[in-house]
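Enquirer:
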Amino acid sequence: MENKLSQNVIIYTTPTCPDCRQLKEWLTKMYIPFEERDLTDPHIMAEAKARTGVRVAPITLIGDKVFYGTFISQKPDLIVALGL
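UniProt numbering numbers the first residue of the sequence shown as 1 and each following residue consecutively.
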């Protein structure tokens, strides 16, 4: 299993999304580097929809795995995917 530092993590967020804030805080606390993309940009929204098929926030990509929904619903799967 890859360790958490060798995986590419991208998160699609919006500025006013409380679950997005929780996700960013948790990733930062866990020392997981991530790239954040703002879904309020129409080009980013189109990219996210093309890559994931969903239009919700937050969306988390870890390698080729896609997670979406509330932070609480994503967290158990993120722990497994990140090897924590």
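A virtual CB, placed ideally from N, CA and C, is assigned to each residue, including glycine.
(1) Find the nearest neighbour of residue 44 within the set 32, 33, 58, judged by alpha-carbon distance.
(2) Determine whether the beta carbon atoms of residue 23 and residue 60 lie at a separation below 8 Å.
(3) Under the DSSP definition of a beta bridge, which residues are partnered with residue 14?
(4) Apart from the five residues on each side of it in sequence, which residues of its chain come closer than 6 Å, Cβ to Cβ, to residue 81?
(5) With a cut-off of 8 Å on the beta carbons, I'd call residue 35 and residue 72 a contact; round off their distance for me.
(6) How should residue 48 be labelled, buried or exposed, when 16 other C-beta atoms within 10 angstroms of its C-beta is the threshold for buried?
(7) Extract the residue ranges of the beta strand (DSSP E) inside the UniProt domain "Glutaredoxin" (9-66), only unbroken runs of 3 or more that lie entirely within it.
Expert: Put simply:
(1) 58
(2) Taking the C-beta atoms as reference points, residue 60 is found nearer than 8 Å to residue 23.
(3) Residue 14 is not bridged to any residue.
(4) 62, 65
(5) About 23 Å separates the two Cβ atoms, so there is no contact after all.
(6) buried
(7) 9-13, 35-38, 59-62
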